[in-house]
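Reviewing the structure listed below.
Numbering (the working numbering), first residue to last: 3 to 354.
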């Protein structure tokens, strides 16, 4: 770091994104991207938006919010589009976290939570998951803290039931509860309908996974109008034009092509079940995933070694060095052909 770097960030450990190597062509099963291209309408609308790049985009994302509201069953004033769901999460730490409102979240979860807490000077506590990687509800009931829960969780893939999240919401009426639903579309219950019952609920989602738009960077938050106004205060104090015109247009196109998204989700779920069955037959142990990835380990091979052996064969998965999960790898679900290639490589590595 330079001598000009502020001391307030001297201890900041930045988030480490998944590998995007360029040295060869890989089967990428490491960053939970969709294996399918964006919908035709998303591509068409984005291309048309090129003609207006000399103009600033609509800072209120009016058409995008209206379309999202129609699909989600909420009002446009209950939605805030952001530059990926990462931005809405950062806004939440900025708006709802401080010395009087410290944050809590699981010790094994999305790695950006600790980064945003540190970046914004929000005191926080990481709460250990149980031995089976599930959340202990009692840790969050009446916690009186700003709560962040990825549901389903990453990298474990395990989901809480909506009724359990309601218990957390009911017991923390004076604190915001953020439910990060990046993977909700792969067979889970969304908490979006609960925003009309709980004014302390913020639900975040993304277009990166189910809607095949990781490269476009589009996410959003859903909450009561009062919370959205708070978040908009942060947005308009940082970057009013946070969604570029092409991304906004692509998002509208994707929302107009919902059956394409649903069909892709069904295929990913089918491929997830195939992959899980094959891995179990090979002796792997894994969590019950409700996402577009599986989280698995094998008793006879170190997690880091399996990751390295797969990479040498042109297949990328995600390995984490954190002690509690170092024996596991997170494997994104791709096309059936990609998952067959992955399973065949694993068989070869295990000598089966």
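Positions of the beta carbon are idealized from the N, C-alpha and C atoms, including for glycine.
DSSP puts residue i in a beta bridge; with which residues?
i	result
residue 105	126, 148
residue 207	222
residue 49	According to DSSP, which records beta bridges pairwise, residue 49 is partnered with nothing at all.
residue 331	298, 321
residue 287	299
residue 25	Paired residue(s): none; residue 25 is not in a bridge.
residue 83	222
residue 30	318
residue 179	149, 203
residue 100	103
Taking the alpha carbon of residue i as the point to measure from, which residue in the options has its own alpha carbon closest?
i	options	result
residue 252	104, 48, 32	48
residue 337	18, 38, 11, 24	38
residue 154	167, 185, 113, 310	185
residue 165	188, 200, 131, 134	200
residue 315	298, 348, 306	348
residue 224	32, 67, 55	67
residue 110	250, 134, 311	134
residue 230	90, 294, 256, 3	90
residue 146	121, 280, 173, 130	173
residue 354	327, 280, 317	280
residue 62	276, 271, 243, 329	243
residue 161	108, 277, 177	108
residue 20	319, 329, 270	319
residue 301	274, 288, 292	288
residue 118	136, 99, 129	99
residue 57	269, 245, 284, 272	245
residue 313	79, 344, 204	344
residue 102	124, 55, 86, 87	124
residue 299	326, 129, 241	326
residue 45	256, 112, 268, 321	256
Is it buried or exposed, residue i, if we count other Cβ atoms within 10 angstroms and call 16 or more buried?
i	result
residue 260	exposed
residue 247	buried
residue 211	buried
residue 143	exposed
residue 3	exposed
residue 286	buried
residue 25	exposed
residue 265	exposed
residue 72	exposed
residue 262	buried
residue 15	exposed
residue 183	buried
residue 150	buried
Could you check how far apart the C-beta atoms of residue i and residue j are, in whole angstroms? I think they sit under 8 angstroms.
i	j	result
residue 104	residue 126	6 angstroms
residue 340	residue 74	With 8 angstroms as the limit, residue 340 and residue 74 do not qualify as a contact, their Cβ atoms being about 31 angstroms apart.
residue 1	residue 132	Only positions 3 to 354 of the chain appear in this structure, which leaves residue 1 out of reach.
residue 233	residue 82	5 angstroms
residue 93	residue 84	7 angstroms
residue 196	residue 228	With a Cβ gap of about 15 angstroms, residue 196 and residue 228 do not count as contacting.
residue 2	residue 207	Residue coverage of the chain in this structure runs from 3 to 354, which leaves residue 2 outside it and unanswerable.
residue 297	residue 335	Not confirmed; about 12 angstroms, so no contact.
residue 317	residue 28	7 angstroms
residue 304	residue 342	Between residue 342 and residue 304 the Cβ distance is about 24 angstroms, and since that is not below 8 angstroms, they are no contact.
residue 331	residue 352	Contact doesn't hold; Cβ gap of about 13 angstroms is too wide.
Alpha helix (DSSP H) runs wholly inside the region 245-293, at least 4 long, in chain order: The region 245-293 contains, as complete alpha helix (DSSP H) runs of 4+ residues, the segments 247-257, 260-283 (chain order).
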